[in-house]
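Take the sequence shown: its position 156, counting from 1, is numbered 136 in our numbering, and each next residue is one higher. From the three backbone atoms N, C-alpha and C, an ideal C-beta is built for every residue, glycine too.
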Amino acid sequence: MPKAFLLNLLLLLSVSRYTYGQQGKLFKYCNAFDKLNSQVTNGSINRNKAAHSFSSLITKIKAVYNPSTDDKWVFPLAGYSARDIGGTHGDGYNDKGYNYFDGNKHTAHPAHDIFIDDRNHDDLDDHTQLPVNVLAVADGLVLACSNTWDAESDLRGGRYIWLYHPQQNIITYYAHNRNVFVKPGDIIKRGQKIAEVGRTGFNAYKQRSPTHLHFSAFNLTGNLPVPYNPYQALTQAARL
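Written out as structure tokens, the structure reads:
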């Protein structure tokens, strides 16, 4: 039986576990989170107010969204592995001084850049001549995303996705995508295609930057995002 069929079947069964009212609440809360995330990114909201709203929305989502207890990961790039993570043994990760609520002005690099084979910078794998699929590392919920980006923009994330994984009490972030195929409120299964690797974002768009996925993970401490190094989980993740 094809993997795509099984994945779609699992997704359908997952979504069907929720009533119309529950799905409506998730859609409402996630779209509110999406708006909040945009305000944080562009610096149009006070940090304390943003933190209060963030915690409140996560609390509401937790009360509605109760997925499976499966906490295993798949690698976030189809056809690639931990060998393609930049740096040596994950030393490209640095969260010192990072604060989510600093938005686009944040410091540090609490992420791993996972590079694809794309010497001519056309967003395609040099061997397959096809886009590289970005996969959800675990079951989750789309909190926020953007499928629009302008080359004149100074926003660093480009086209991005934020996923919430309550079974692990974490959030994952996928940036610089070519295309995004999900929307806020979508329930996602582990290994599901959510985007394609791209070069969107202020620095990622520049010719000096190799094509890559910018991947981050955050613990929810007091329902607020605290970055942690997911390198070990990435090295142990299943490959698709």
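Proximity to LYS42 [Cα-Cα], best of GLN216, ALA217, ILE150 and LEU135: ILE150
Which of helix, strand or coil DSSP assigns to LEU(-7): Its pLDDT being 48, under 50, LEU(-7) is placed unreliably by the model, and the measurement read from it follows with that caveat. Looking at LEU(-7) - three-state DSSP - the assignment turns out to be helix.
Sequence-distant residues of its chain with Cβ nearer than 8 angstroms to LEU(-9) (five each side left out): Note that LEU(-9) has pLDDT 49, beneath the 50 cutoff, so the model's placement of it is unreliable and the number below is only indicative. Excluding positions up to five away in sequence, the list reads ILE167, ILE168, LYS169 and GLN172.
Buried versus exposed, by CB contacts within 10 Å (16 or more), TYR0: exposed
Residue span of the beta strand (DSSP E) that contains ASN113, given as start and end: 113 to 115
HIS192 beta carbon less than 8 angstroms from that of ALA91: no
Residues bridged to THR21 (per DSSP): THR21 is not bridged to any residue.
Backbone secondary structure at LEU57 - three-state DSSP: strand
Paired residues, beta bridge with LYS279 - DSSP: Here the chain comprises residues numbered -19 to 220, so residue 279 is not present and cannot be evaluated.
The alpha helix (DSSP H) enclosing ARG139, as first and last residue numbers: Careful: ARG139 lies outside any alpha helix (DSSP H), inside the beta strand (DSSP E) at 139 to 145.
Own chain residues within Cβ distance below 7 angstroms of ALA58, not counting five before or after: VAL112, ASN113, LEU115 and LEU220
Beta-carbon proximity list for ARG139, same chain, < 6 angstroms, skipping 5 on both sides: SER126, ASN127, TRP129, ASN157, VAL160 and THR180
CA-to-CA distance, ASP119 to VAL(-5), given in whole angstroms: Here VAL(-5) scores only 48 on pLDDT, less than 50, and its place in the model is too uncertain to base an answer on.
Three-state secondary structure (DSSP) of ILE168: strand
For TYR80, three-class secondary structure by DSSP: helix
C-alpha distance - SER18 paired with GLN2, whole-angstrom precision: 24 angstroms
CB-CB length for THR21 against GLY77, believed under 8 angstroms: That pair is no contact at about 18 angstroms.
Cβ-based neighbour list, ASN209, same chain, cut-off 7 angstroms, excluding 5 preceding and 5 following: GLY70 and TYR73
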